[in-house]
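Asks:
Residue numbers (this note's numbering): 107 to 308.
Okay, structure coming up:
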């Protein structure tokens, strides 16, 4: 079991720190709303990854390639929507108010973003899925040990990520504006890439 726990810890850190649209969205929200209001969004993978794992292990590998392309285009459009909003906040920070949506609504929106993000699918198809299946076949404890350690360290790492950048934004208004611009640009670029990739332009 220890082997699968170590694999989960290692891959959890890698998944949390891998640059991607989800991390860019968390950065944008932590700078806009502060780390305390953004912190619950670190739990979003728990919402989105359950259906992803089921799809990957049971269904996704048997579906045609166009399904993955449709998913990429949908995710790209959603990212462009989020990126435009983040870019608007970057251009007019004095006109931006803290989001008043509930904590549950914020976590759900982050979960939808992660659900439309191809990175979790790629991870669970290529790395996480085979390890989970092998661990489960060896025994339920091994499979659960892998999942438990993976999400424990991933959520903890995301929480640290949110707190660090939220604190940076509080210290310096200039740093906040710069990082907000970077986050908005990252969301727009990720969105454009997913759309182009999903339509076979890239």
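Every residue, glycine too, gets a C-beta built ideally from N, C-alpha and C.
Is residue 300 near residue 224, with beta carbons less than 8 angstroms apart?
Replies: Yes, they are a contact pair.
Asks: Check the C-beta distance from residue 253 over to residue 126 and give it rounded, since I have them as a contact under 8 angstroms.
Replies: In fact, because the Cβ distance is near 20 angstroms, the residues do not count as touching under 8 angstroms.
Asks: Verify whether the separation of the beta carbon atoms of residue 155 and residue 236 is less than 8 angstroms.
Replies: No; because the gap between Cβ atoms is not below 8 angstroms, this pair is not in contact.
Asks: Please confirm if the region 259 to 277 is in contact with the region 135 to 147, defined as three or more CB-CB distances below 8 angstroms between the two stretches.
Replies: With the cut-off at 8 angstroms, the region 259 to 277 and the region 135 to 147 touch.
Asks: Could you have a look at residue 306 and say whether DSSP puts it in helix, strand or coil?
Replies: It is coil, neither helix nor strand.
Asks: Sorted by chain position, which residues of the same chain lie with C-beta nearer than 7 angstroms to residue 123's C-beta, five sequence neighbours on each side aside?
Replies: Result list for residue 123: 263, in chain order.
Asks: Using the Cα positions of residue 135 and residue 118, report the straight-line distance between them to the nearest angstrom.
Replies: Taking the straight line from one Cα to the other gives about 22 angstroms.
Asks: Only counting the same chain, and skipping five residues up and downstream in sequence, which positions put a Cβ closer than 6 angstroms to that of residue 206?
Replies: The predicted model places residue 206 with a pLDDT of 47, which falls under 50 and marks its position as unreliable; any figure quoted below should be read in that light. The answer is none, since no qualifying residue turns up.
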